[in-house]
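This report concerns only the one structure given below.
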Amino acid sequence: MAAAWTRRALERLFALYFLSHIPVTLLLDAQAVSSRFHPRALTEMLKWYTTSFKDPLMAQCPAWFKSFVHCEVFLQLPFFPVAAYAFWKGNCKWIRTPAIIYATHVATTLVPLLAHFLFHDFSDSEPAGPQTWSERLWLFAVYCPYLLIPLLLLVTMLLHPSYSSGGKRKAT
Numbered sequence: 224m225a226a227a228w229t230r231r232a233l234e235r236l237f238a239l240y241f242l243s244h245i246p247v248t249l250l251l252d253a254q255a256v257s258s259r260f261h262p263r264a265l266t267e268m269l270k271w272y273t274t275s276f277k278d279p280l281m282a283q284c285p286a287w288f289k290s291f292v293h294c295e296v297f298l299q300l301p302f303f304p305v306a307a308y309a310f311w312k313g314n315c316k317w318i319r320t321p322a323i324i325y326a327t328h329v330a331t332t333l334v335p336l337l338a339h340f341l342f343h344d345f346s347d348s349e350p351a352g353p354q355t356w357s358e359r360l361w362l363f364a365v366y367c368p369y370l371l372i373p374l375l376l377l378v379t380m381l382l383h384p385s386y387s388s389g390g391k392r393k394a395t
């Protein structure tokens, strides 16, 4: 009984994560690809965010970061509603492999982002990046859920008995 409740709680968490990721990607992150399709209010919101949290990557968008955002917009975004549906419905074993691919991809892109925020020298950065450890940790905290939840998703897909492939297979 507890295992079923835990699985459902995780599935709901994953569904809400993917649902919440849709507007974030469309309205904010996609501006790194092109902001000409976004209304002024959204570009101002992004400017407020980059100034308040001193996020130089979203403000300046170097080429390597744009490549990550292109992957988010063109590869991950189509997956978000599919994953949200599967996890909201629950017990959809077919989501296992796509979720493993998604979680692995996201984790490998978030590690260099977080390392950049923590260790890069932003002293001569324009626009201003985080200067103090407090500013670096705030920015780290903004991005961290986008690493932790996919890692939890990966562990769940690999180890949870409802999703792991350790069960009996049909003989062919």
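Just so we're aligned, residue 224 is where the sequence shown starts under my numbering, counting upward by one. Backbone N, C-alpha and C fix where the C-beta goes; we use that ideal spot for every residue, glycine too. No experiment lies behind these values; they were computed from the predicted model shown.
Excluding five sequence positions before and after Tyr386, the CB atoms of its chain that fall closer than 6 Å to its own CB belong to Arg319, Met380, given in chain order. Contact between Val329 and Tyr369 holds: CB atoms are separated by about 7 Å, below the 8 Å threshold. Close CB contacts of Val296 within its chain, under the 6 Å cut and outside five residues either way in sequence, are with Ala253, Val256 (chain order). Judged by pairs of C-beta atoms under 8 Å, the region 282-298 does not touch the region 224-237, as fewer than three such pairs exist.
Leu336 is the residue among Ala226, Leu336, Ala264, Asn314 whose C-alpha sits nearest the C-alpha of Leu280. If you draw a straight line from the Cα of Lys316 to the Cα of Glu267, it comes to about 42 Å.
Within the region 245-328, the complete alpha helix (DSSP H) segments of 4 residues or longer fall at 263-275, 279-283, 286-294, 300-312, listed in chain order. In this model, Val292 and Val365 are separated by some 16 Å (Cα to Cα). Distance check between Pro321 and each of Leu377, Gly313, Ser357, His343 places Leu377 closest, using alpha-carbon atoms only.
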